[in-house]
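Q:
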Amino acid sequence: MSELPTPTEATTTTAGLLSAIADTGRDRVRGGYSRPVFSTAERELVDWYVAELDRRGLQAQTDRNGIVWAWWNPAGAPPEGAIVTGSHLDSVPGGGAFDGPLGVASALRAVDLLREREVAPARPLGLAVFPEEEGSRFGVACLGSRLLTGAISAERALGLTDPDGNTFADVARAAGLDPAGFGRDEQTLARIGTFVELHVEQGRGLIDLGAPVAVASSIIGHGRWKFSVHGQGNHAGTTLLADRRDPLLAASRLVVAVREVAAAHPGTRATVGRLQPVPGGTNVIASRVDLWLDVRHPEDAVTRAVVAEISRRAQELAAGEGCTVEVREESFGGTVDFDPALARRLTTTLGGVPTLPTGAGHDAGVLAEHVPTAMLFTRNPTGVSHSPEEFCTDDDAERGSTALADVLADLLT
Ligand code: GLV
Ligand code: MN
Ligand code: MN
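Residue numbering for the sequence shown follows my numbering, beginning at 2 and increasing consecutively.
1. Express the C-alpha separation of tryptophan 73 and glutamine 1 in angstroms, rounding to a whole number.
2. Is the beta carbon of glycine 82 closer than 9 Å to that of glycine 206?
3. Report all residues from its chain with a CB closer than 6 Å to the CB of aspartate 295; omit the five preceding and five following residues, and keep chain order.
4. Can you tell me the Cβ-Cβ gap for valine 130 and glutamate 391, rounded? I've got them flagged as a contact below 8 Å.
5. CA-CA distance, glycine 268 and glycine 238?
6. Below 9 Å between beta carbons: does that hold for threonine 336 and glutamate 310?
7. My parser needs the alpha helix (DSSP H) runs of 4 or more residues fully inside the segment 167-202; what are they?
8. Name the two residues that bound the continuous alpha helix (DSSP H) containing threonine 343.
9. Looking at the secondary structure, which residues open and close the alpha helix (DSSP H) in which aspartate 209 lies?
10. Hey, could you find the ends of the beta strand (DSSP E) proline 102 is sitting in?
11. Starting from the Cα of serine 88, find the closest Cα among Ser312, Gly95, Leu144 and give me that residue.
12. Count Cβ pairs between the segment 347-362 and the segment 169-178 that sit closer than 8 Å; are there 3 or more?
13. Compute the beta-carbon to beta-carbon distance between leucine 199 and leucine 405, rounded to the nearest angstrom, for a pair I have assumed lies under 8 Å.
14. Nearest by alpha-carbon distance to threonine 359: which of Val328, Thr86, Arg297, Val372 is it?
15. Could you check whether the segment 105-114 touches the segment 220-234, counting it as contact only if at least three pairs of C-beta atoms, one from each stretch, sit closer than 8 Å?
16. Taking phenylalanine 39 and alanine 217 to be in contact with their CB atoms under 8 Å, please state how far apart those CB atoms are, rounded to whole angstroms.
17. Across which residues does DSSP place tryptophan 70 in a beta bridge pair?
18. Could you tell me if the beta carbon of aspartate 100 falls within a distance shorter than 8 Å of some heavy atom in ligand 3?
19. If you count every other CB in all the chains shown that lies within 10 Å of the CB of glutamine 62, and 16 or more means buried, which is it?
20. Give a single yes or no on whether glutamate 134 has its beta carbon closer than 8 Å to a heavy atom of ligand 1.
21. On a Cα-Cα basis, can you pick out the residue from Phe196, Ala152, Ala78, Val105 that is closest to aspartate 48?
22. Is serine 219 helix, strand or coil when you go by DSSP?
23. Is the Cβ-Cβ distance between valine 372 and leucine 148 less than 9 Å?
24. Around the Cβ of leucine 409, are there at least 16 other Cβ atoms within 10 angstroms (buried) or fewer (exposed)?
25. Would you say glutamine 277 and leucine 255 are within 9 Å of each other, going by their C-beta atoms?
26. Go ahead and label glutamine 60 buried or exposed: buried means 16 or more other beta carbons lie within 10 angstroms of its beta carbon, across all protein chains shown.
27. Can at least three beta-carbon pairs, one atom from the segment 228-244 and one from the segment 377-388, be found at a separation below 8 Å?
28. Indicate whether valine 326 and valine 230 have their beta-carbon atoms separated by less than 9 Å.
29. Tell me, which residues are paired with glycine 87 by DSSP?
30. Would you mind giving the Cβ-Cβ distance between glutamine 32 and glycine 95, rounded to the nearest angstrom? I have them listed as a contact below 8 Å.
31. Taking just the CA atoms, how far does glycine 334 sit from valine 367?
32. Let me make sure I understand the geometry here. Which of Leu18, Ala398, Tyr34, Thr25 has the alpha-carbon closest to that of proline 389?
33. Between which residues of its own chain and proline 248 is the CB-CB distance below 8 Å, once the five residues before and five after are set aside?
34. Between the alpha carbons of isoleucine 208 and alanine 175, how many angstroms are there, rounded?
35. Pull every residue with its beta-carbon under 5 Å away from any heavy atom of ligand 1, and keep them in chain order.
36. Which parts of the segment 228-271 are runs of the alpha helix (DSSP H), unbroken and 4 residues or longer, counting only runs that do not cross its ends?
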């Protein structure tokens, strides 16, 4: 294909690409990888990605929302209507090696495969890496794609803070971005004709089906809520039990209540994965406890009802300990059904691979509200994700990239 630049070095496999970043952001305390957005580790991954683009003759451009793009524009084709693929490089704390990077490496590998096959595209191919997909630093998942599409206002995003109290505005500025530029980007959105994200599967669907690749049908709705339980900070040795207003006791009972309420609404996933006593000392009764609730259900009304019931229980449990509680919604996104015609087209192109729903969130879910969007999942033989045990074999990683190349070749020509 004449317009596709020739890489300056030999291409490699998907696993070969990932091996170059296998030591970046390893977390020696938690295990796995911690690659928060705009951290040294995540920036090293972006540098690696930019260098890999460069090897393929593709030039990285960071847009005003911090999304790293590369465009391959065939001669004579208008810039609009591109077929875009990509994923993210940030991780949860102590996460696995594949959630995000597999989609990024597969996109690079797919470019190599398209070139090897001498595919002649009729429309542009775009590659994208979205910042803060996990929301593990600033609390709101898919922050880059939400900013791009206007699903979050620039004002709200810029005021978000990380666990050290740094604002997104300050951290983005330190990373070389102009806070004044954040917000819905019509021009970039108009360039995206179709978006396809490949992702490692985060459950057991493909293990059970005995298949290496699936097409996504939907993402279940999910949101995050912050509960702050306020009590009386005091001395662990001098405060008699009867005199305490300990918010950690109320918060602990709330964790149990979350499970009970979720269990009463079949299909609900409700998680407290982060709980922070303030100030957090062994000999200090906390004055406040912050805990974050993640709730997901295919029916948005059920998610809302579950959170309302948990909030009521929180008020009761806090009052029972002489404490008070505030609840704040940090984010919510409804269930997304991917474009059925596009999903069928992918399934047919791939010779009838299975279709799977997912409980995990993705930038593809945000973009699906604006452009025809699809996802591919690559088998994860442990069925475990957001954990160091997340895995993908070299062969399956290559099968996933090949499937992505097949789909892109079909959509591009
Ligand atoms: C991201 O992976 C999420 O589903 O929270
Ligand atoms: Mn992901
Ligand atoms: Mn994830």
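Every residue gets a Cβ at the ideal spot worked out from N, C-alpha and C, and that includes glycine.
A: Put simply:
1. Outside the modelled stretch of the chain, which goes from 2 to 414, sits residue 1, for which no answer is possible.
2. Within the sequence shown, residue 206 is the residue found at index 205, counting from 1. Within the sequence shown, residue 82 is the residue found at index 81, counting from 1. Not closer than 9 Å, so no.
3. The count along the sequence shown starts at 1 and reaches residue 295 at position 294. So the list reads Arg225, Thr272, once near-sequence residues are dropped.
4. Counting from one through the sequence shown, the residue named residue 130 turns up at place 129. Counting from one through the sequence shown, the residue named residue 391 turns up at place 390. Contact flag wrong, Cβ pair sits at about 19 Å.
5. Walking along the sequence shown from the start, residue 268 turns up at place 267. Walking along the sequence shown from the start, residue 238 turns up at place 237. Cα-Cα distance, rounded: 44 Å.
6. Your numbering for residue 336 matches position 335 in the sequence shown. Your numbering for residue 310 matches position 309 in the sequence shown. Not a contact, by the Cβ cut-off of 9 Å.
7. 169-175, 187-192
8. One-based indexing of the sequence shown puts residue 343 at position 342. The question names threonine, but residue 343 is leucine in the sequence shown. Run containing leucine 343: 341-350, per the alpha helix (DSSP H) assignment.
9. Numbered from its first residue, the sequence shown carries residue 209 at position 208. Note, aspartate 209: alpha helix (DSSP H), 206-210.
10. As a working mapping, residue 102 is identified with position 101 in the sequence shown. First-last for proline 102: 102-117, but that is the alpha helix (DSSP H), not the beta strand (DSSP E).
11. Sequence index remark: in the sequence shown, residue 88 carries index 87 (1-based). The shortest Cα separation from serine 88 among Ser312, Gly95, Leu144 belongs to Leu144.
12. no
13. Taking the first residue of the sequence shown as 1, we reach residue 199 at position 198. Taking the first residue of the sequence shown as 1, we reach residue 405 at position 404. Yes, they are in contact, since the Cβ atoms of leucine 199 and leucine 405 sit about 5 Å apart, within 8 Å.
14. Counted from its first residue, the sequence shown places residue 359 at position 358. Minimum Cα distance to threonine 359 is reached at Arg297.
15. no
16. The residue you call residue 39 lines up with position 38 of the sequence shown. The residue you call residue 217 lines up with position 216 of the sequence shown. Between alanine 217 and phenylalanine 39 the Cβ distance is about 28 Å, and since that is not below 8 Å, they are no contact.
17. In the sequence shown, the residue the question calls residue 70 occupies position 69. DSSP output for tryptophan 70 lists Gln62, Ala129 as bridge partner(s).
18. Reading the sequence shown from its first residue, position 99 is the one you call residue 100. Within the cutoff, so yes.
19. Residue 62 sits at position 61 when you count from the first residue of the sequence shown. So glutamine 62 counts as exposed.
20. In the sequence shown, residue 134 corresponds to position 133, counting from 1. Yes, since a heavy atom of ligand 1 falls inside the 8 Å radius drawn around the Cβ of glutamate 134.
21. Taking the sequence shown and counting its residues from 1, one reaches residue 48 at position 47. For aspartate 48, the nearest C-alpha among the options comes from Val105.
22. Within the sequence shown, residue 219 is the residue found at index 218, counting from 1. Reduced to three states, the DSSP call for serine 219 is strand.
23. Taking the first residue of the sequence shown as position 1, residue 372 is located at position 371. Taking the first residue of the sequence shown as position 1, residue 148 is located at position 147. No, these two residues do not count as a Cβ contact at 9 Å.
24. Working through the sequence shown from its first residue, we reach residue 409 at position 408. It counts as buried.
25. Along the sequence shown, one-based indexing puts residue 277 at 276. Along the sequence shown, one-based indexing puts residue 255 at 254. Contact flag unset, no.
26. By one-based count along the sequence shown, residue 60 stands at place 59. Glutamine 60 comes out exposed.
27. no
28. By one-based count along the sequence shown, residue 326 stands at place 325. By one-based count along the sequence shown, residue 230 stands at place 229. Taking 9 Å as the Cβ cut-off, valine 326 and valine 230 qualify as a contacting pair.
29. Along the sequence shown, one-based indexing puts residue 87 at 86. In the DSSP output, where bridge partners are listed per residue, glycine 87 has Ala129.
30. In the sequence shown, residue 32 corresponds to position 31, counting from 1. In the sequence shown, residue 95 corresponds to position 94, counting from 1. According to the sequence as given, residue 32 is glycine; it is not glutamine. Indeed, because the Cβ distance is near 6 Å, the residues count as touching under 8 Å.
31. Within the sequence shown, numbered from 1, the residue matching residue 367 stands at position 366. Within the sequence shown, numbered from 1, the residue matching residue 334 stands at position 333. C-alpha separation (whole angstroms): 8 Å.
32. For the purposes of this step, residue 389 is taken as the residue at position 388 of the sequence shown. Selected option, being the one with the closest Cα: Tyr34.
33. Translated into the one-based positions of the sequence shown, residue 248 becomes position 247. Only Val230, His231, Gly232, Pro278, Ala287, Ser288, Arg289, Val290, Ala319, Glu322, Cys324 meet the Cβ criterion.
34. Numbered from 1 along the sequence shown, position 207 holds the residue referred to as residue 208. Numbered from 1 along the sequence shown, position 174 holds the residue referred to as residue 175. Near 43 Å, if we compare the C-alpha coordinates of alanine 175 and isoleucine 208.
35. Ala361, Gly362
36. 248-264
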